Structure formats: C-alpha cells, structure tokens
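Report on one structure; see the data block that follows.
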DNA sequence: TGTTAGCACTCAATTGGCGCGAGTGCTAAT
DNA sequence: ATTAGCACTCGCGCCAATTGAGTGCTAACA
C-alpha cells in the first residue's frame with residue numbers, strides 16, 4: 078500500500094486542489110503546477126494507477142478525478158502539510174477562554190464557538206460530564222410564597238424550583254439535616270433506601286407536612302442522581318449550505334435535522350477512550366447521514382473526573398490541516414484550564 | 078378600504094389556496110370551489126379589482142395571482158377562520174409544561190419547542206427576564222483546592238466558579254457577613270460604593286487575604302448587577318428549507334445565519350409593551366432579511382417582574398390561523414404557570 | 001525504459017428552438 | 001350583472017445540436 082514519492086506528490090496535489098475547488102481535477106491542472114515538471118500525459122498514467130489502487134474516483138469518463146475515502150484517509154495519515162495558526166488568533170483565543178472560565182460549561186461553549194470561527198465549519202461539543210462527584214452542600218431557599226429553591230452543590234451547582242408550601246424555618250432545619258446526612262457522599266452512594274431513611278428520621282425530628290417532605294426529598298433524589306443533562310452546543314450548522322455537495326436542499330435539510338436532534342448528537346459526542354485528535358472520513362462515520370462528511374474530533378478529559386468531546390463536521394473535502402491545527406490548539410488550552418480547575422490537590 | 082362580501086370571500090379563498098399550494102392561484106381554481114357559484118370570468122373581474130386595490134399581485138401576465146403584504150394583512154385582520162387545536166395536543170402540552178416547570182428558563186425552552194412542533198415553523202424565544210428581583214441568599218462553597226463557588230439566589234439561582242485561594246472557614250464567615258449586608262436588597266440597590274464599604278468592613282473583621290477578598294467581591298458585584306444574560310432558544314430553523322420560496326440556497330443561508338446570531342435575535346425578541354399576539358408580515362418586519370417572512374409573536378409577562386417573548390417565523394404564506402391558535406394556547410398556559418410561581422402574596 | 005505529443009473518443013453541460021398549457025383580458029351575448 | 005368564447009401572453013419542459021474539458025491509447029522520442 079505504499080506509494081512512491083511521485084505518486085504521493087501527485088495524490089497530494091490532486092487532493093489539495095480538490096479541497097480548494099470542489100471540482101474534479103484534471104491531469105492538465107496538475108501538470109501546470111511547476112513543482113513537478115511532468116506532462117499531463119504522465120500525470121494521466123499515474124492517475125490511472127492511483128485510481129486502480131483505490132485512492133481516486135472518476136465520476137464519469139470525461140471528467141477529472143476526485144479523492145475516494147481511502148484517498149482522504151491516506152492524505153490525512155501521511156500527506157497533509159502542517160498548518161500554522163496566526164499568532165494573533167492564538168492570543169485572542171487564550172484571552173477569550175481565560176475570561177470565560179467562570180463556569181465549565183461555558184468554557185466548552187466558547188471553545189466550540191472558537192473552533193467554528195477558526196475553521197468555519199460546523200462544530201458540536203458536549204459540556205464536560207461530571208462523573209459521580211462529591212456533594213458539597215445542599216440548600217433550601219424559599220423564593221416566593223409557594224416556591225422553594227433546592228440547590229445542590231457538587232463541582233457544579235444544580236438548582237430546581239419546587240412548588241410547595243413550606244415555611245422558612247422548616248427549610249433551614251431541613252437543610253441542616255440534609256447536609257449532615259448527605260454532604261461528603263457521592264451521587265452513587267445515594268439510593269432510594271437512603272432517602273426513605275432520611276424521610277423517617279425527619280418525620281420524627283421535624284414537624285413538616287409529610288406530603289411536602291416527600292415532595293422535596295423526591296426532587297432531591299432526582300436532582301442528585303440524575304445524570305447531568307449533557308448540554309450540547311452546535312455552532313455554524315448553516316455552513317453546510319455553503320458547500321456545493323449540499324446544494325441539494327433535501328440533503329442539506331436532512332443534515333440540519335440531524336444537527337438539531339440532541340439525541341443523535343449525544344451519541345455522536347459520547348466519549349470513547351481515545352486520546353488526541355481523530356478523523357472519521359465519509360463511510361467511516363457510524364451515522365449514515367454523515368457518510369458524505371468528515372468529522373474531526375478531540376476528547377478532553379481529566380482522569381475519571383470529567384470528560385467531553387469537541388467535533389468539527391464538514392464536507393469530506395475539508396481543510397484537514399487547518400482543522401487539525403485548530404483542534405490541537407484549542408484542546409491544549411482547555412486541558413490547561415481544566416487541569417488547574419479540577420486539581421483537588 | 079372595505080370590501081363587499083363577495084370580494085372578501087374571493088380574497089379569502091385565494092389566500093387559503095395559496096397558503097396550501099404556494100402556487101399562483103388562477104380564476105378557474107376559485108370558481109370550482111362550490112361555496113360561491115360563480116364562473117371563472119366573474120372571478121377574473123373581481124381579481125382584477127382586488128389587484129388594483131393592492132391586495133393581490135400577478136407575478137407575470139399568464140400566471141395566477143398571489144397575495145400582497147396588504148392582502149395577508151387584511152386576511153389576518155379580518156378574514157382568517159378559527160383553528161381548533163386537537164384536545165390530545167392540548168392535554169399533551171399541559172402535561173409537558175407542568176412537568177417541566179422546575180426552572181423558569183426551561184419552561185420557555187419547552188414552550189418554544191412545543192410551539193415549533195405544533196406549527197412546524199421556526200421559533201425564537203427569550204427566557205423571562207427578571208427585573209431587579211430581591212436577593213434571598215448568598216453563599217460561598219469551596220469545591221476544590223483553588224476554586225470556590227459563588228451562589229446568588231434571587232428568584233433564580235446564579236452561580237459562578239471563582240479561581241482563588243480561600244479556606245473553608247473564611248468562606249463561611251464571609252458568606253454570613255455578605256448575607257447580613259445584602260440579602261433582602263434588590264440588585265438596583267447595590268452599587269460599587271456599597272461593595273467597597275463591605276470590603277473595608279470585612280478587612281477589619283475577618284482576616285482574609287485582601288487580594289482574594291477583592292476578587293470575590295468583584296465577582297459578586299458582577300453577578301448581582303449583570304443583566305441576566307438573556308438566553309435565546311431557536312427551534313426548527315431548518316424548516317426554512319422546506320418552503321419553495323427558499324429553494325434558493327443563498328437566501329436560505331442568509332436566514333439561517335440570522336437565526337444563529339444571538340445579537341440579532343435579542344433585538345428581535347425585545348419585548349415592547351404590547352399584549353396579545355402580534356403579526357409582522359413581510360415588509361412590516363424591521364429586519365430586512367425577514368421581509369419575505371412573517372413573524373407572529375406573543376409577549377408573556379407578569380407586571381414588571383418578568384417578561385419575554387415567543388415568536389414563530391415562517392414564510393409569508395404561513396398557516397396564520399394555526400399559528401395564532403397555537404400561540405394563544407401556549408401563552409395562556411405559560412401565564413397560568415408563571416402567575417402561580419411569581420405570586421409573592 | 002520512462003516520458004510525452006497527438007489524436008480519437010466520451011460525456012456533461014449549455015444553448016436555442018418549439019410546442020404546450022395555464023391563465024389572462026376583452027367582447028359580445030344572455 | 002353575469003358568463004361564454006376567443007385571441008393573446010408567457011413560463012416551462014423537451015429535444016437536438018454544439019461545445020469543451022478530460023480521458024485512454026499509441027507511437028515517437030530521449
């Protein structure tokens with residue numbers, strides 16, 4: 078499967094050209110590039126070879142060639158050149174991310190936005206998923222006549238308004254009791270039996286309407302044990318429409334539908350173990366609808382504490398070099414920041 | 078500007094037909110509708126009149142007619158029939174909204190999703206904007222070595238991670254002091270002088286590293302006074318692609334760009350005073366890009382406490398009756414729920 | 001033996017002519 | 001006041017002819 082140097086150069090030239098123009102590339106166009114002084118006839122022979130080897134495809138007899146999935150794969154693995162991101166962009170990015178770190182979810186949201194503006198492709202990102210982190214504090218704060226706010230602090234803050242009647246004093250007592258029982262535990266340590274135990278204990282010690290108590294404990298259980306609802310951020314989906322391969326409106330609509338459906342996207346950004354940047358080209362994608370696209374993604378994670386994924390979706394003829402460079406830069410920045418935040422000492 | 082009964086019926090029939098088919102409507106098509114037993118020739122005369130009066134437009138000589146903006150406006154004001162939403166849909170909606178009320182922002186998010194699924198047009202919604210509500214509680218909870226979580230409870234919960242070194246005990250003391258000074262106040266009552274006052278006081282009473290203290294107070298000030306970042310929810314933007322008027326991909330891309338740009342959308346859903354459902358048809362829209370669309374919106378609000386807007390965006394030939402009915406239903410449900418929640422007694 | 005000029009061939013895309021049909025406005029009859 | 005009838009308009013789809021980009025193959029060349 079290895080190619081001699083000339084074939085590699087020709088394949089690279091073809092793919093570079095095709096990435097730029099989206100038009101099938103002819104032998105004449107390549108022979109004009111002076112860096113390899115070969116006639117179009119020679120190129121034609123080589124192209125025929127490359128086609129036979131599976132790296133190129135000829136849409137029809139009198140057209141030029143376009144890369145096959147295998148061609149792109151070879152390009153990504155061994156041909157593409159390095160892309161240098163401008164220093165101004167780099168420092169802009171650093172500033173932007175550093176001023177936005179006050180909430181981790183926001184960090185990823187901005188990182189995804191930056192990835193999409195650097196590359197001008199669509200991006201999908203999942204906020205870091207907390208795995209079973211420790212409960213630091215539980216609080217109940219009345220906010221209006223019939224409403225009390227339940228607040229659970231782990232590494233994040235989750236809150237939930239509960240529509241029920243309870244007076245301020247009872248709130249305070251109940252919070253204290255809940256903190257005594259639950260803070261320091263991890264979500265996995267809490268099961269329904271534990272909640273019922275607390276319920277019985279509370280009924281003895283405090284005089285709270287049992288119905289109200291059950292309500293609150295029920296919500297508490299939900300809030301603590303619920304998998305953090307994975308927030309998904311999509312940027313620049315519309316960029317899909319810019320590529321000639323999606324002038325076909327129905328195809329475009331299908332992809333846009335896909336990019337609006339959080340359920341699919343969750344699967345898409347489910348983190349597998351892999352580290353580093355990974356590309357899925359065309360048919361390599363698990364989702365049929367993406368089989369004319371490429372998806373380049375990077376996992377960011379910190380041990381078993383939090384993890385997530387940031388993915389760029391574009392046409393197969395995307396500017397891989399630029400996308401790889403951008404994701405590399407961004408994921409390094411994220412890891413730096415997460416590293417500092419997540420450090421429990 | 079008033080039309081006789083026959084003209085009204087004809088105009089209504091034309092617009093109804095056009096809304097369904099998106100094709101220019103000819104006289105023959107109308108004359109076939111049995112409810113007015115008129116020949117196509119008669120219809121033709123009436124159509125010529127309606128065109129002269131500005132309600133209809135003839136794209137070219139040998140085509141039928143399509144409604145003008147004025148035609149749609151007349152239709153919306155006085156012609157369109159009532160639309161009945163099925164009972165199952167209504168009760169589904171009620172269930173969905175009622176189980177989702179735990180956070181107000183979520184309520185609107187779901188309401189917008191429902192509006193979009195009922196009508197199958199794009200929707201834009203802004204979460205209710207709190208106006209200057211009372212601070213109920215402030216808390217500082219350490220969550221990792223270098224990080225403390227600042228939590229401010231008003232009618233909502235705002236939280237923010239602060240990357241600074243402070244021990245648990247100091248946290249607790251500082252929280253107590255902050256609550257003593259600030260809870261019960263409204264955001265507008267807090268200015269920078271007040272914060273500085275607290276800073277001086279704290280420096281005397283507590284032994285906290287001044288740099289850390291300044292950091293925390295600074296973030297607190299930001300968090301309390303910052304306008305709640307208006308969350309904007311967009312649903313079903315892709316539906317734009319379904320309408321023949323947007324088969325032109327560039328036009329579609331422009332609209333989708335618009336619907337991805339939060340800044341524009343904020344302006345779009347800025348609440349003006351008006352109550353009830355409002356339609357902006359074609360050129361009536363302030364944004365040039367929407368001049369081939371209609372936007373039907375409803376404000377929900379509760380006195381001066383919170384307000385927001387939910388808007389449906391579709392082609393000018395949208396099913397106004399259905400959209401009006403859906404928004405009416407949804408806004409009633411929202412008002413009911415908000416009314417209960419916001420009740421301070 | 002590898003390279004290249006030349007040529008015949010293929011096929012998508014463009015162009016222009018033609019006819020169809022939906023729809024109109026006008027006129028004259030009812 | 002309504003309508004049947006007719007001439008006219010004009011967008012659209014169809015078809016054939018033309019164009020041109022690109023190929024594969026062959027024979028000549030270094």
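Protein chains in written order, with our numbering: chain A, 78 to 422; chain B, 78 to 422. Here a beta-carbon is modelled for each residue, glycine too, at the ideal position from N, C-alpha and C. Quick caveat, the model's predicted, so the values are computed rather than measured.
Per DSSP, reduced to three states, the secondary structure at residue 119 (chain B) is helical.
In terms of beta-carbon proximity, residue 308 (chain B) stays away from the interface with chain A, with every pair separated by 7 Å or more. Taken through DSSP and simplified to helix, strand or coil, residue 333 (chain B) comes out as helix. Rounded to the nearest angstrom, the Cβ distance from residue 108 (chain B) to residue 91 (chain B) is 12 Å, too far for a contact under 8 Å.
When the five nearest sequence neighbours on each side are left out, the beta carbons in the same chain lying within less than 8 Å of the beta carbon of residue 331 (chain B) are those of 366, in order along the chain. In this chain, residue 369 (chain A) is not harboured by any alpha helix (DSSP H), its DSSP state being neither H nor E. Against chain A, a Cβ distance below 7 Å from residue 124 (chain B) picks out nothing, because the smallest value is about 32 Å.
The alpha carbon of residue 414 (chain B) has as its nearest neighbour, out of B:185, B:298, B:135 and B:272, the alpha carbon of B:185. DSSP, read as helix, strand or coil, puts residue 228 (chain A) in strand. In the structure shown, residue 355 (chain B) falls within a strand segment according to DSSP collapsed to helix, strand and coil. Three or more pairs of CB atoms, one per stretch, sit closer than 8 Å, so the segment 222-234 of chain B contacts the segment 220-227 of chain A. For residue 220 (chain A) against residue 258 (chain B), the beta-carbon gap comes to about 20 Å, at or over 8 Å, which does not count as contact. What residue 213 (chain A) touches in chain B, judged by beta-carbon distance under 9 Å, is 218, 219, 220 and 226, going in chain order. For a Cβ distance threshold of 9 Å, residue set 216, 218, 220, 226, 228 and 236 of chain B lies close to residue 230 (chain A), ordered along the chain. Contacts between residue 318 (chain B) and chain A, judged by CB atoms closer than 9 Å, involve 318, 326, 327, 329, 330 and 333 in chain order.
For residue 102 (chain B), no alpha helix (DSSP H) run applies, since DSSP gives it neither H nor E. The contact set of residue 286 (chain A) on chain B, defined by CB atoms closer than 9 Å, is empty, because the minimum CB distance reaches about 18 Å. Contacts with chain B at 7 Å (Cβ-Cβ) include residue 315 (chain A). The beta carbons of residue 88 (chain B) and residue 201 (chain B) sit about 30 Å from each other, so the pair does not count as a contact at 8 Å. Residue 202 (chain B) has B:310 and B:387 as its beta-bridge partners, per DSSP.
Considered as a whole, the segment 270-329 of chain A harbours 309-312 as its complete beta strand (DSSP E) runs of no fewer than 3 residues, in chain order. Ranked by Cα distance from residue 211 (chain B), the first of B:240, B:167 and B:263 is B:263. When CB distances to chain A are screened at a threshold of 7 Å, the residues of the segment 336-357 of chain B falling below it are 337, in chain order. Going by beta carbons, residue 290 (chain B) and residue 300 (chain B) fall outside the 7 Å limit. Between residue 203 (chain A) and the set A:401, A:409, A:316 and A:377, the nearest pair of CA atoms involves A:377. Relative to residue 141 (chain A), the option among A:288, A:125 and A:282 whose CA is nearest is A:125. Judged by DSSP in its simplified three-state form, residue 252 (chain B) adopts helix.
In this structure, A:288 is the residue among A:326, A:410 and A:288 with its C-alpha nearest to the C-alpha of residue 241 (chain A). Distance from the Cα of residue 373 (chain B) is smallest, within the candidate group B:198, B:326, B:113 and B:236, for B:198. Beta bridge pairing from DSSP links residue 238 (chain B) with B:226.
Linking residue 116 (chain A) to residue 86 (chain A) through their CA atoms gives a straight-line distance of about 14 Å.
Between the segment 248-258 of chain A and the segment 238-252 of chain B, the count of Cβ pairs shorter than 8 Å is below three; the stretches do not touch. Annotation: the continuous beta strand (DSSP E) that includes residue 214 (chain A) extends over 214-221. As computed with DSSP, residue 134 (chain A) is found in a beta bridge with A:143. About 18 Å separates the beta carbons of residue 309 (chain B) and residue 357 (chain B), which is beyond the 8 Å limit, so they are not a contact pair.
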